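Residue numbers (the numbering used here), protein chains in the order written: chain A, 1216 to 2025; chain B, 542 to 714. The C-beta atom is built at its ideal place from N, Cα and C for all residues, glycine as well. What you are looking at is a predicted structure, and each value in this text was computed from that prediction instead of being measured.
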Amino acid sequence: MADKRRVIGKALRKVDAAAKVTGATKFADDLAFPRMLFCKLLRSTQPHARIVSIDTSAAAKLDGVQAVLVGQDLPIPFGILPVSQDEHALCIDKARFIGDPVAAVAALTEEAATAATDLIRVDYEPLKSIASAEEAVEHPEPRIHDYGDRGNFHKLIDLEFGDANAGIAEGDMVREDLFFFEGSTHLPMEQHAAVAMWSPDQKLTLWTSTQTPHYVHRALAKVLELPAARIRVIATPNGGGFGGKSDPFNHEIAVAKLAMITGRPVKITLTREEVFYCHRGRHPTLMWVRTGVKKDGAITGMHFRSLLDGGAYGSYGVASTYYTGALQTVTYHIPCYHFQGARAFTNKAPCGPKRGHGTPQPRFALEVHIDKIAEQLGIDPAELRLKTLVPANSLTANYLRVGSMGLGKCIAKVVEGSGWKQKFRKLPRGRGVGLACSSYISGAGLPIYWNNMPHSGVQLKCDRGGGVTVFCGSTEIGQGSDSILAYIVAEVLGIDPFDIAVVTGDTDLTPVDLGSYSSRVTLMSGNAALQAAERARQILAVHAAKKLEIPVDRLSFAERRVYDAKDPKRGMSFAEAVQSAEAAEGTIGTVGSYTPPMSAGKYRGAGVGPSPAYSYSACVAAVDVDPETGIVRVPTIWIAHDVGRSINSAAVIGQVEGSIYMGLGEALMEEMAYRGNRNVVHKIPSLLEYKSPTTLEMCDVITYLVEDPDPNGPFGAKEVGQGPLLPVMPAVANAVYDAVGVRIDEVPITPEKVLKALRKKQKGEPGRHGPESFPDIPWPEPMRVPTPWEGGDGKAVSPGRPAITAERPH
Amino acid sequence: MTSESKVKIALAVNGEPTEIAFAPHKTLLEVLREDLGLTGTKHGCELGECGTCTVLLDGTPVLSCLVLGLACAGRTVRTVEGMAQGGKLHPLQDTFADLGAAQCGYCTPAFLLAAEALLAANPKPTREEIKDALAGNLCRCTGYIKIYEAVELAAARMRGEKAEPTTESLYGR
């Protein structure tokens, strides 16, 4: 672009900021319509039970009740992934966790709907419940689902890139470690809500707090057996998502069906307790890792195992399981790599994608493991990492294509900023510093369901008054995706971002964008917007150049003007440029779309991990540990994030700080925990008992933005919404070790765990708290994929396994 | 069950005398959102745990989910809808918007009102005083830092100082 950038990189106000600070933004529960009914769900009180009968007669007769639904009314299953269509809007034959919905009521008031659910009689025949992944390994029966790889394993993965055992054996040192990462939930401040409306012309409209309106659209069409053309899904601005609003949900389908039956608008707003049952949060994950390293720290091979507690349904779980093994390779060079991953079904609220999706758990394991390796080798952990970085523009052992790679710069920034060299292993007992790094995808290389269409589309309309409207299916969840569209279009067309109307997340009005997940929106919808804006600029330029009698390439677009770059006074307003073009060509509208590059891996499972660009982060955490109480306080975190290029630096910093916050909660306190011995009852389905950081726990954050532009990103931009969360947990764990010399190989790092480890150390035992063993798992025959440096072509060579490019639908 | 007869009260909402009839069991949160259409006040738990429904009752922050509507007869209630005047944002709204202290925006009205009450009592709060005043409000997006900065900046401007955001806050280091 010839012009100096006027919008990109600036710390501008977001386009929706005024609405948000005045309370004008309409979230789903803020919507109300005449004759609107209220829906309540009856949820299972049993963790695992056959439903013998449901009697809704008393509920149906209650004053104010308009309709009652049970499982048989919605018999078609759905699920976010084509390979796990295992959910029903309401349980049909079996309830699989406490909170699984079994009936739905629509009534004139919320009170009447609630009273009606109390009158529904469900006769349950309890089944043995499975409370943990280890229990699921031990008990293949009773099966929670009648599909999956075997017993209560939903998914079993065994992928080997090169000969990992031989590689590990080449190390001067081999280290093995076990880690556990407790589950946690998103806890968006907005409880999920949805309003459905059925119109007499047989059209369904659903307003819902979803991150993925396109997938909700598909699920509704499938379950309700309606043509997709008759369904409109409008994603209302999400009051926080973090991955928790990325699945099509039972309550969305229930209100849609109730609206169809009653012919009236039907609303549901989940209570906070119900949000805990929706969950789809971080999978509790047990991990084992074995690594060979040379004396200088070079990794010779790695073997990584993960066991995920999936909860009661599939959700994104197959992808989550692959993700626990995918991104280990994009930070430090691993020449050969063996990954074995298992996901078990258990009778708990379903796990799914939470910020970082399946990668914070292995990142925690890997970064603490490396800290231990560095100590054993007597190398500074920052130095060790710097020596083993994956080079930019390279292919990893598992065929991930790394483009720009700013991790080295990130490490240098936090090492310098935190005074690392003066502090590490030098602070008085009780105080410590720890370092960790990470990487995350800027969007997934493949869509969730198999298709060869773009991942993001934008339509752009230029008004003769000088305004521009951008239409895109992307979904504003607070991350600023609406603003990104406006900034990019404004930059290209030389107008003010606030002259742009942004219409998003509406399946009737906007071209498909797959949704706000996988940190994909800035890169993908940004590229689509860039293409649409450049096409509009070309059209306007042709006619403006003609009118100004200068060559097209001499035109500048800036400050709402189109003018001769050599003689800026010679020009016209942007509105006049639109008018000239419209007079010559008719209505001015363009489209843009984006499809990620083909991934290099061609083996089954290669669909998880590839991305157009990887972000990088390095983090130093300072901790104060009280050896008497075990309480860990984190006063400061230094974080450097390679965002490629900031589209809006203030928004980028906001994402970094928010990620640090959420990571701090996972490091120190957040846990989605159940009473396994008490019928798998959720311990803490409330905001009071589910501990999350308040202003009093939040640390200071010193943020360094590293800009290593990636050719695949719009203006070089990469992701920022998830990556900076990843290094927080291991940095805190490593800092606790620096402070008091004990290893907490498990998050959250609670005072009890620290005290236990300190006491063990006092007794002369290893000062460690964490898992002691990894269960025997019936791993499948490994799929062997020769590495690029073995001359591999990305395909698997193991016999009997087809080499295909992705997880295709069955 | 829905036949409970309504009660009528008079109160001042955002400076305007208001008469409103509602079922007597309703909380102030419900009266504001459902009977007065003031949906700027949000809810996150309806159990007094998250602070999201904070409004000012006679100038003091309260959790509107724990206050009965009936208890507000003759009192003054201030919600986020009352903050901007004459189409102009309140200084706190301005700085929240400029610094990105509102991400998803759901907890924002509550933070704005809690901060407004703090500044009314203490025009020059320290960072620690701001943290204490906002400790009852949860935000899952921002990590609170931009909120502190926005409160500090608005406080300075409300004291008549010419204050601008720091470079680190907007552009990092």
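Per-residue contacts from F563(B) into chain A (C-beta, under 8 Å): Looking up residue 563(B) in the second sequence gives position 22. What F563(B) touches in chain A: nothing, since even the nearest Cβ is about 13 Å away.
Residues near D1364(A) by beta carbon distance below 7 Å, same chain, minus five either side: Indexing the first sequence from 1 puts residue 1364(A) at position 149. Hits under 7 Å: K1370 and L1371.
Contact list for the segment 1860 to 1878 of chain A against chain B, Cβ threshold 9 Å: S1861, N1863, S1864, A1865, A1866, V1867, I1868, G1869, Q1870, V1871, E1872, G1873, S1874, I1875, Y1876 and M1877
Rounded straight-line distance, which links the Cα of L1542(A) to that of G1658(A): Position 443 of the first sequence, counting from 1, holds the residue named residue 1658(A). Position 327 of the first sequence, counting from 1, holds the residue named residue 1542(A). The straight-line gap from Cα to Cα measures roughly 13 Å.
Collapsed DSSP secondary structure at W1635(A) in the structure displayed: Mapped onto the first sequence, residue 1635(A) falls at position 420. If DSSP states are grouped into helix, strand and coil, W1635(A) belongs with the helices.
Given V1895(A) as reference, the closest of A1564(A), E1326(A), A1471(A) and H1553(A) once Cα atoms are compared: Walking along the first sequence from the start, residue 1895(A) turns up at place 680. Minimum Cα distance to V1895(A) is reached at A1564(A).
Endpoints, alpha helix (DSSP H) assigned at S1698(A): Start at 1 with the first residue of the first sequence, and residue 1698(A) comes out as number 483. From DSSP, the alpha helix (DSSP H) with S1698(A) extends over S1696 to L1708.
Listed by chain order, chain A residues near V621(B) by CB distance under 7 Å: By 1-based counting over the second sequence, the position of residue 621(B) is 80. Listed along the chain, the chain A residues whose CB falls inside 7 Å of the CB of V621(B) are T1237 and G1238.
Test: S605(B) CB closer than 9 Å to a CB of chain A: Position 64 of the second sequence, counted from the first residue, corresponds to residue 605(B). Closer than 9 Å: no.
Length of the line joining the Cα atoms of W1413(A) and G641(B): Sequence index remark: in the first sequence, residue 1413(A) carries index 198 (1-based). Sequence index remark: in the second sequence, residue 641(B) carries index 100 (1-based). C-alpha separation (whole angstroms): 38 Å.
The segment 1896 to 1916 of chain A in contact with the segment 1479 to 1497 of chain A per 3-pair CB rule at 8 Å: As far as the Cβ criterion goes, the segment 1896 to 1916 of chain A touches the segment 1479 to 1497 of chain A, which means the pair count is three or higher.
Residues bridged to D1779(A) (per DSSP): Translated into positions along the first sequence, residue 1779(A) becomes position 564. In the DSSP output, where bridge partners are listed per residue, D1779(A) has L1770(A) and D1782(A).
Under the three-state DSSP convention, the category R698(B) falls into: Locating residue 698(B) in the second sequence gives position 157, where the first residue counts as 1. R698(B): helix per DSSP, three-state reduction.
Cβ contact check for the segment 1902 to 1913 of chain A and the segment 1936 to 1949 of chain A: 3 or more pairs under 8 Å: no
Stretch-stretch touch, CB-based, cutoff 8 Å, three pairs: the segment 1643 to 1656 of chain A with the segment 1951 to 1958 of chain A: yes
Proximity test, Cβ basis, 9 Å: M1913(A) and chain B: In the first sequence, the residue the question calls residue 1913(A) occupies position 698. Yes, contact with chain B.
C-beta contact flag for V1835(A) and I1852(A) at 9 Å: Within the first sequence, residue 1835(A) is the residue found at index 620, counting from 1. Within the first sequence, residue 1852(A) is the residue found at index 637, counting from 1. Yes.
Classification of R2023(A) by the beta-carbon crowding that lies within 10 angstroms, buried from 16 upward: Position 808 of the first sequence, counting from 1, holds the residue named residue 2023(A). Residue placement at R2023(A) cannot be trusted, given a pLDDT of 40 that sits under 50; what the coordinates show is reported in the next sentence. Burial call: exposed.
Of the listed residues V1317(A), A1346(A) and V1470(A), nearest to Y1339(A) (C-alpha basis): Your numbering for residue 1339(A) matches position 124 in the first sequence. Checking every option, the nearest Cα to that of Y1339(A) belongs to V1317(A).
Inter-residue spacing [alpha-carbon to alpha-carbon] between P1908(A) and L1879(A): Position 693 of the first sequence, counting from 1, holds the residue named residue 1908(A). Position 664 of the first sequence, counting from 1, holds the residue named residue 1879(A). Going from the Cα of P1908(A) to the Cα of L1879(A) covers about 8 Å.
Closest by C-alpha distance to K1636(A), when choosing among S1826(A), P1596(A), P1662(A) and P1606(A): Counting from 1 along the first sequence, the entry for residue 1636(A) is found at position 421. Closest by alpha carbon: P1596(A).
Span separating the alpha-carbon of V548(B) from that of A1275(A): Your numbering for residue 548(B) matches position 7 in the second sequence. Your numbering for residue 1275(A) matches position 60 in the first sequence. V548(B) and A1275(A) have their C-alpha atoms some 30 Å from each other.
Chain-order list of residues whose beta-carbon lies under 7 Å from that of S1795(A) (same chain, five-residue window excluded): Numbered from its first residue, the first sequence carries residue 1795(A) at position 580. If we look at S1795(A) and ignore the five residues flanking it on each side, its Cβ neighbours are H1758, A1759 and K1762.
Simplified DSSP assignment, three categories, for K1817(A): Along the first sequence, one-based indexing puts residue 1817(A) at 602. Looking at K1817(A) - three-state DSSP - the assignment turns out to be coil, as it is neither helix nor strand.
Residues, ordered as in the chain, of the segment 630 to 643 of chain B that lie near chain A by beta-carbon distance below 7 Å: Under the 7 Å Cβ criterion, the segment 630 to 643 of chain B contributes L630, Q634, F637, A638, D639, L640, G641 and A643.
Three-way DSSP call (helix, strand, coil) for V1951(A) in this model: Residue 1951(A) sits at position 736 when you count from the first residue of the first sequence. V1951(A): helix per DSSP, three-state reduction.
Run of the beta strand (DSSP E) containing S1654(A), from where it starts to where it stops: Taking the first sequence and counting its residues from 1, one reaches residue 1654(A) at position 439. S1654(A) -> beta strand (DSSP E) spans R1646 to I1656.
Residues that K1229(A) contacts on chain B, provided the C-beta gap is smaller than 9 Å: Numbered from its first residue, the first sequence carries residue 1229(A) at position 14. Among the residues of chain B, those whose CB is under 9 Å from the CB of K1229(A) are A638, G641, A643 and Q644, following chain order.
Opposing strand residues paired with A1321(A) [DSSP bridges]: In the first sequence, the residue the question calls residue 1321(A) occupies position 106. Beta-bridge pairing links A1321(A) to C1254(A) and A1282(A).
Beta-ladder partner(s) of R1578(A), from DSSP: One-based indexing of the first sequence puts residue 1578(A) at position 363. Beta-bridge pairing links R1578(A) to no other residue.
Members of the segment 1478 to 1504 of chain A that neighbour chain B once the beta carbon cut-off is set at 8 Å: T1486 and R1487
Helix, strand or coil at C586(B) according to DSSP, with G and I counted as helix: Walking along the second sequence from the start, residue 586(B) turns up at place 45. Note: C586(B) maps to coil in three-state DSSP.
Nearest residue (CA-CA) to T1484(A), options E1885(A), P1499(A), H1466(A) and G1496(A): Working through the first sequence from its first residue, we reach residue 1484(A) at position 269. Residue H1466(A) is the option with its Cα nearest to T1484(A).
Min CB distance N678(B) to chain A below 9 Å: As a first step, residue 678(B) is located in the second sequence; it is residue number 137 there, counting from the start. By this cut-off, N678(B) is an interface position.
Close-in-space but distant-in-sequence residues of the same chain around A1828(A) (CB under 7 Å, 5 per side omitted): Here residue 1828(A) refers to the residue found at position 613 of the first sequence. Closer than 7 Å at the Cβ level, and outside the excluded window around A1828(A), lie G1618, S1619, S1657, L1738, G1859, D1925, N1927, G1928 and K1933.
Whole-angstrom distance between K1255(A) and G1621(A), CA atom to CA atom: If you number the first sequence from 1, residue 1621(A) lands on position 406. If you number the first sequence from 1, residue 1255(A) lands on position 40. The alpha-carbon of G1621(A) is positioned some 50 Å away from that of K1255(A).
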